[in-house]
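Enquirer: Chains as they are written, first to last, in the working numbering: chain A, 112 to 272; chain B, 996 to 1121.
(1) Run through the DSSP bridge pairs and tell me what residue 1048(B) is partnered with.
(2) Of all the options 1049(B), 1094(B), 1050(B), 1034(B), which has the alpha carbon lying nearest to the alpha carbon of residue 1086(B)?
(3) Taking the alpha-carbon positions, what's the residue 1121(B) to residue 135(A) distance?
(4) Do residue 178(A) and residue 1073(B) have their beta-carbon atoms positioned less than 8 Å apart in this structure?
(5) If you count every other CB in all the chains shown that lies within 10 Å of the CB of residue 1044(B), and 16 or more means buried, which is it?
(6) Identify which residue in 1091(B), 1076(B), 1110(B) has its Cα closest to the Cα of residue 1026(B).
(7) Name the chain B residues that come within less than 9 Å of residue 175(A), Cβ to Cβ?
(8) Measure the beta-carbon distance from residue 1068(B) to residue 1112(B) and round it to whole angstroms, keeping in mind my assumption that it falls under 8 Å.
(9) For the stretch 1013-1040 of chain B, which residues have a beta carbon sitting closer than 8 Å to at least one beta carbon of chain A?
(10) CB residue 116(A) to CB residue 1090(B), shorter than 8 Å?
(11) State yes or no: is the beta carbon of residue 1001(B) nearer than 8 Å to at least one beta carbon in chain A?
(12) Can a CB atom of chain B be found closer than 8 Å to the CB of residue 272(A)?
(13) Tell me residue 1023(B)'s beta-bridge partners as DSSP assigns them.
(14) Would you list the residues sitting across from residue 1093(B) in a DSSP beta bridge?
(15) Indicate the three-state DSSP secondary structure (helix, strand or coil) for residue 968(B) in the structure shown.
(16) Only counting the same chain, and skipping five residues up and downstream in sequence, which positions put a Cβ closer than 6 Å to that of residue 1042(B)?
(17) Can you pull the chain B neighbours of residue 151(A), defined as C-beta to C-beta under 7 Å?
(18) Residues of the stretch 1078-1107 of chain B with a CB closer than 8 Å to any CB of chain A: list them in chain order, please.
Below, the structure written as structure tokens:
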């Protein structure tokens, strides 16, 4: 059986020192993905997001590239500007089918967004959870199914049906 | 989840694996691993972050050429790149080759990765 990058990573993670370094990088990349999804859900460009946040576009690019190391406070501020707050969860470090989940709790409305379990609730109506699952997006077909599911969930949650 | 594997040459070598495991890359390996796992989770969506970029874009900018190789990307880190190919038929990413990013080395490294890609494609046709 062929050795894959994940097999190699599992081997390296047996070293606690390596696991620490990997954990730090993984957190940065996870946040980068979350921030990009939040930005796109609001139809913002990196430049307009930078203007909104009062930071430079290259720094936004660095954050979205997983190369910046913002403090937790900075992360909170960035997300608050977009109408979100950060919800953290722990999950197994080892890459498994569901390796980690990063959630954004919506404090403001967002447009319909295919990666959210629920979206497009009007502001203040009900708190909703946008699950940016770190696993389980194997294809666009699958995303479409998820999108339909979330539409149904929103209708029930918002009392529209 | 997307499948991500190393490309294996006819002689059994796996250039991307060899490069990642090179001792000179000890310091960047955690970052590489994190990006590969992100590729596994997010796949083509990593293009939104510019963590996954079509290689042909840079080639066009640097040399005024417009050579489009569908599905050929670079996975990017601060000072490293890994050439990867999204095989649509098999729905998986193959890692071909990695390099440290310098202005001098880049073109040569990309050319090398393209040779591996052509080798892979010719073997698929056999």
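Beta carbons are placed, not taken as given, at the ideal position from N, Cα and C, and that holds for glycine.
Expert: By the coordinates alone:
(1) 1069(B), per the DSSP bridge assignment.
(2) 1034(B)
(3) The C-alpha of residue 1121(B) lies about 44 Å from the C-alpha of residue 135(A).
(4) With contacts defined by Cβ atoms closer than 8 Å, residue 1073(B) and residue 178(A) form a contacting pair.
(5) buried
(6) 1076(B)
(7) 1043, 1044, 1045, 1046
(8) Their Cβ separation, rounded to whole angstroms, is 11 Å, which puts residue 1068(B) and residue 1112(B) out of contact at 8 Å.
(9) 1015, 1016, 1024, 1025, 1026, 1028, 1029, 1030, 1031, 1032, 1033, 1035, 1036, 1037, 1038, 1040
(10) yes
(11) yes
(12) Confidence is the limiting factor: at residue 272(A) the pLDDT is only 27, short of 50, which leaves the residue's position unreliable, though a coordinate-based value still follows. Not one chain B Cβ lies under 8 Å of residue 272(A).
(13) For residue 1023(B), which the question treats as bridged, DSSP gives no partner whatsoever.
(14) 1077(B)
(15) This structure does not reach residue 968(B), given that chain B is present from 996 up to 1121, and the question cannot be answered.
(16) none
(17) Neighbours of residue 151(A) on chain B, chain order: 1043.
(18) 1086, 1090
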